[in-house]
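Residue numbers (my numbering): 1 to 107.
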């Protein structure tokens, strides 16, 4: 289990990385829009990723500031992945949970 200060440091580092990712994605969106009209679909996808990254950054900042509590082990953090290709969150716990769509409640 991560200590509170370690969780805060981790959350802050994640927030910084996500903020940088959002900046880069916005720059990429601008470049895509300049190329041609068919890029609008790609631009929309990039914008959705940017919004999701900002939500992650906000949550990480809340954890770091102590406004949001979390009791997650380091193993659970490393086991959780987000598969951006198909928009599902893969749960790799030992009980073999099914993939859950982002926004869907886990049962």
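For every residue, glycine included, the Cβ atom is placed at its ideal position computed from N, Cα and C.
Residue-chain proximity (residue i, chain D), Cβ-Cβ < 9 Å
i, result
"residue 59", "Of the chains in the structure shown, none is chain D; there is only one protein chain."
Beta-carbon proximity check, residue i vs residue j, cutoff 9 Å
i, j, result
"residue 7", "residue 64", "yes"
"residue 11", "residue 52", "no"
Reduced DSSP secondary structure (H/G/I, E/B, other) of residue i
i, result
"residue 55", "helix"
"residue 62", "helix"
"residue 3", "coil"
"residue 67", "coil"
Residue i classed as buried or exposed, judged by whether at least 16 other C-beta atoms fall within 10 angstroms
i, result
"residue 18", "buried"
"residue 13", "exposed"
"residue 15", "buried"
"residue 44", "exposed"
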